[in-house]
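Chemist: First, the structure itself, so that you have it in front of you.
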Amino acid sequence: MSAISPGGEAMQQVRCCSAAGCLVSGAGPLREALEAAVARHGLEQRLMITPVGCLGPCSQGPLLAVDPEGALFSGVEAAEADGLIVALARRSQVAAPEQDGPLQWQPSRGARLDTGAPFFARQRRIVLEQCGRIDPERIEAAIACGAYTQLRRVVQTLSPAEVVDALRRSGLRGRGGAGYPTGLKWATVAAMPGEHKVVVCNADEGDPGAFMDRSVLEGDPHRVLEGMAIAAHAVGADQGFIYVRAEYQLAIAHLRQAIEQAHQWQRLGQQLFGTRFSFTVELRVGAGAYVCGEETALIRSIEGGRGTPRPRPPYPAERGVGGLPTLINNVETFANVVPILREGADWFAAIGTAGSTGTKVFSLTGNVRRGGLVEVPMGTTLATIVVEMGEGTPDGAGIKAVQTGGPSGGCVPAAHLDTPVDYESLQALGTIMGSGGMVVLDHATDMVALAAFFMAFCREESCGKCVPCRAGTVQLHGLLQKHLAGEATAADLSQLEALCHMVRDTSLCGLGQSAPKPVLSTLRFFRSDYEARLRPDPTAAPTATGGAP
Numbered sequence: 004m005s006a007i008s009p010g011g012e013a014m015q016q017v018r019c020c021s022a023a024g025c026l027v028s029g030a031g032p033l034r035e036a037l038e039a040a041v042a043r044h045g046l047e048q049r050l051m052i053t054p055v056g057c058l059g060p061c062s063q064g065p066l067l068a069v070d071p072e073g074a075l076f077s078g079v080e081a082a083e084a085d086g087l088i089v090a091l092a093r094r095s096q097v098a099a100p101e102q103d104g105p106l107q108w109q110p111s112r113g114a115r116l117d118t119g120a121p122f123f124a125r126q127r128r129i130v131l132e133q134c135g136r137i138d139p140e141r142i143e144a145a146i147a148c149g150a151y152t153q154l155r156r157v158v159q160t161l162s163p164a165e166v167v168d169a170l171r172r173s174g175l176r177g178r179g180g181a182g183y184p185t186g187l188k189w190a191t192v193a194a195m196p197g198e199h200k201v202v203v204c205n206a207d208e209g210d211p212g213a214f215m216d217r218s219v220l221e222g223d224p225h226r227v228l229e230g231m232a233i234a235a236h237a238v239g240a241d242q243g244f245i246y247v248r249a250e251y252q253l254a255i256a257h258l259r260q261a262i263e264q265a266h267q268w269q270r271l272g273q274q275l276f277g278t279r280f281s282f283t284v285e286l287r288v289g290a291g292a293y294v295c296g297e298e299t300a301l302i303r304s305i306e307g308g309r310g311t312p313r314p315r316p317p318y319p320a321e322r323g324v325g326g327l328p329t330l331i332n333n334v335e336t337f338a339n340v341v342p343i344l345r346e347g348a349d350w351f352a353a354i355g356t357a358g359s360t361g362t363k364v365f366s367l368t369g370n371v372r373r374g375g376l377v378e379v380p381m382g383t384t385l386a387t388i389v390v391e392m393g394e395g396t397p398d399g400a401g402i403k404a405v406q407t408g409g410p411s412g413g414c415v416p417a418a419h420l421d422t423p424v425d426y427e428s429l430q431a432l433g434t435i436m437g438s439g440g441m442v443v444l445d446h447a448t449d450m451v452a453l454a455a456f457f458m459a460f461c462r463e464e465s466c467g468k469c470v471p472c473r474a475g476t477v478q479l480h481g482l483l484q485k486h487l488a489g490e491a492t493a494a495d496l497s498q499l500e501a502l503c504h505m506v507r508d509t510s511l512c513g514l515g516q517s518a519p520k521p522v523l524s525t526l527r528f529f530r531s532d533y534e535a536r537l538r539p540d541p542t543a544a545p546t547a548t549g550g551a552p
């Protein structure tokens, strides 16, 4: 991948990761130092410094890639920028950078990463194909890589029914956690009567350790906008909203800029591409309430109300934002739309498994040697992701479990790491795929403390509307704290389990219904962690010792 100068000449390029994770580790000063070095050596016409989205191995930032060979470096310090630029200048004396030899440069404290390692080689980047490759702040860069081409084709040549049928045949399921068939959801909204409808992108990613949607919005916002516009054409909508949490400041900045640019370039707005189709998008920033990831709570927040769920039906497809039929999908779902229409529904359906097609983006975190953002075909085993790609635990302590799905998910023990990552296989183990958070836990992890952590999160995030969740999460957290203090009895353990089932079965929305899952999964696979903390029950009958009195 080579950059092209305004005059059409091939240029060497340094792609500097400017995602939020790398900015924390010093990517900002590094980029400034690189730009200053280029100017100091007068190389503006031969070398381009390009800010890009996530390059993948976030745990090793700051990261930068050098083109055309795609050499990837981690841990580069700003003080080393001049040395890199000098090395690039020496090999740029020939006219065509593609003919240069390999870059002879190595950071003093960082490392040159092996892009042939499993972390990279095992990935299949569909959603992330342009993340880390284009400047997310320039619509020109996105359009040069094909952005909005499928939108033009769709609105000019395909009927809404043909688009819906393509999504249905692809087998794409919602990537927000529930795994509902996307084509069926689109068809339901399309069938609703009414002149006006709404498309909503749910970017309220709130799971601890999850940063998939944030990375897509930071690195390739136009991919999501194009997917939303295609969905609007398919269901008959003319208004769109992106609901994103306020903590995602960089994603919000890139989204605002992308929306403004798309309207300026007439990729969004009125009568697009000379047709009667019109679609505008507005950004809504949430206050960070986890419950607003639930569709009906999200709708109330968009409308300016307090984000609390309501009973269903009616479903959002019938009556959503402003009482209008509303289609809601998450960031990753919309990001899959363009490649499905570009490559074909059958192409997408052939990736993954029969029931879980395509790829899935995961944020690999926790006690793992190589963490970061990965995209793999559905059906890839947990062992492939966390042992082969993530290279296991950093200190060799061994993997105890992998926690998937955030507070709504559960823990998969090491004995089940051969489980394929698909909706049904994970559900059979008492967990979910969720939006894609994947936390690796080593043998030093206290599973009772882990369950208490997630229950405390759910207790604080409960909106309080229904009693089972409002009171049940408080009681469950109290029982878990009792176990951690070594004061729980066997009766408390039985009560903990029974209360989990009650909260799960009677709560109003997904937050309360899934809050007990981390407890139930750890009880299922790591019950000994709980039993080891129990004290004798003083009310229990004494155990007979046998023998003559």
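Numbers given in this note's numbering equal positions in the sequence shown, counted from 1, plus 3.
Note that CB positions come from ideal geometry on N, CA and C, so glycine has one too.
In this text, all values refer to a predicted model and were calculated from it rather than measured experimentally.
I'd like the list of long-range same chain contacts for R536, defined as Cβ closer than 6 angstroms, with 5 residues on each side in sequence excluded.
Modeler: Within the same chain, R536 has close Cβ partners H486, G489.
Chemist: Can you look up L526 in the DSSP assignment and give me helix, strand or coil?
Modeler: L526 falls in the helix class under three-state DSSP.
Chemist: Terminal residues of the continuous beta strand (DSSP E) containing A206?
Modeler: Start and end: 201-206.
Chemist: What whole-angstrom Cβ distance do W108 and A90 have, given they're in contact under 8 angstroms?
Modeler: Yes, they are in contact, since the Cβ atoms of W108 and A90 sit about 4 angstroms apart, within 8 angstroms.
Chemist: If you draw a straight line from the C-alpha of L187 to the C-alpha of N333, how long is it?
Modeler: If you take the alpha carbons of L187 and N333, they lie about 15 angstroms apart.
Chemist: Give the single residue among A190, I262, L258 whose Cα lies nearest to the Cα of G239.
Modeler: With distances taken between Cα atoms, G239 lies closest to A190.
Chemist: Three or more C-beta pairs closer than 8 angstroms, one from the stretch 396-409 and one from the stretch 417-431: is that the case here?
Modeler: Yes, since at least three Cβ pairs between the stretch 396-409 and the stretch 417-431 fall closer than 8 angstroms, the two stretches touch.
Chemist: How many angstroms separate the CA atom of L502 from the CA atom of D532?
Modeler: Roughly 19 angstroms between the two C-alpha positions.
Chemist: Measure the C-alpha to C-alpha separation of Q102 and E72 and round it to an integer number of angstroms.
Modeler: Confidence in Q102 is poor, its pLDDT being 49 and thus under 50, which makes the residue's placement too unreliable to answer from.
Chemist: Name the two residues that bound the continuous alpha helix (DSSP H) containing R2.
Modeler: Outside the shown range of the chain (4 to 552) lies residue 2, about which nothing can therefore be said.
Chemist: In whole angstroms, give me the CA-to-CA distance for P110 and F123.
Modeler: Roughly 21 angstroms between the two C-alpha positions.
Chemist: For T283 versus G243, is the C-beta spacing smaller than 8 angstroms?
Modeler: Against a cut-off of 8 angstroms, the Cβ pair of G243 and T283 comes out as a contact.
Chemist: Take every Cβ of the stretch 197-214, pair it with every Cβ of the stretch 322-332, and state whether three or more of those distances are shorter than 8 angstroms.
Modeler: Short answer: they touch.
Chemist: Please report the distance separating the alpha-carbon of L344 from that of Y293.
Modeler: Roughly 32 angstroms separates the two Cα atoms.
Chemist: Cβ atoms of G135 and G56: under 8 angstroms apart, would you say?
Modeler: Closer than 8 angstroms, so yes.
Chemist: Considering Cα atoms alone, identify which of Q133, A400, F457, R18 is closest to G412.
Modeler: For the residues Q133, A400, F457, R18, the minimum Cα distance to G412 belongs to F457.
Chemist: Between G475, G296, Q516, L301, which lies nearest to D210 when the distance is taken from Cα to Cα?
Modeler: Closest by alpha carbon: G296.
Chemist: Is the beta carbon of G212 sitting closer than 8 angstroms to the one on G440?
Modeler: Their beta carbons are under 8 angstroms apart, which means G212 touches G440 by this criterion.
Chemist: Could you pull out every unbroken alpha helix (DSSP H) segment of at least 4 residues lying fully inside the stretch 253-339, listed in chain order?
Modeler: Runs found: 298-305, 334-338.
Chemist: Let's test the definition: count the other Cβ atoms within 10 Å of the Cβ of H446 and tell me whether it reaches 16, buried, or not, exposed.
Modeler: Its Cβ having fewer than 16 others within 10 Å, H446 is exposed.
Chemist: With distances taken Cα to Cα, identify the nearest neighbour of A256 among R538, M231, E229, L286.
Modeler: When only C-alpha atoms are compared, the closest one is L286.
Chemist: Name the residue from A454, P312, R93, V377 whose alpha carbon lies nearest to the alpha carbon of V522.
Modeler: Among A454, P312, R93, V377, the Cα nearest to that of V522 is on A454.
Chemist: With DSSP run on the structure shown, which of helix, strand or coil describes D421?
Modeler: Of the three classes helix, strand and coil, the one that applies to D421 here is coil, per DSSP.
Chemist: Using 8 angstroms as the threshold, is the C-beta distance between V381 and V424 below it?
Modeler: Note on residue identity: the sequence assigns Met, not Val, to residue 381. Yes, these two residues count as a Cβ contact at 8 angstroms.
Chemist: Under the assumption that R43 contacts Q133 (Cβ atoms under 8 angstroms), give the Cβ distance between them as a whole number of angstroms.
Modeler: Wrong, their Cβ atoms sit about 31 angstroms apart, outside the cutoff.
Chemist: Work out the CA separation of R373 and G395 for me, nearest whole Å.
Modeler: Going from the Cα of G395 to the Cα of R373 covers about 8 angstroms.
Chemist: Compute the Euclidean distance between the alpha carbons of P539 and T492, then round it to the nearest angstrom.
Modeler: Computed Cα separation, rounded: 6 angstroms.
Chemist: Do you know offhand how far G369's Cα is from C61's?
Modeler: Looking at the two C-alpha atoms, the distance is approximately 12 angstroms.
Chemist: Using a threshold of 8 angstroms, state whether the C-beta atoms of C414 and T434 are closer than that.
Modeler: Contact flag set, yes.
Chemist: I'd like the ranges of any alpha helix (DSSP H) spanning at least 4 consecutive residues and lying wholly in the stretch 116-192.
Modeler: Qualifying alpha helix (DSSP H) stretches, in chain order: 121-124, 142-147, 152-160, 163-173.
Chemist: Which of the three DSSP states is assigned to L58 in this structure?
Modeler: The answer is coil: DSSP assigns L58 none of H, G, I, E or B.
Chemist: Pull the bridge partners of M51 from the DSSP assignment, please.
Modeler: Its beta-bridge partners are Q16.
Chemist: First and last residue of the beta strand (DSSP E) that includes S366?
Modeler: 362-369 is the span of the beta strand (DSSP E), which, as asked, contains S366.
Chemist: Which residue or residues does DSSP assign as beta-bridge partners of V377?
Modeler: Answer is F365, bridged to V377.
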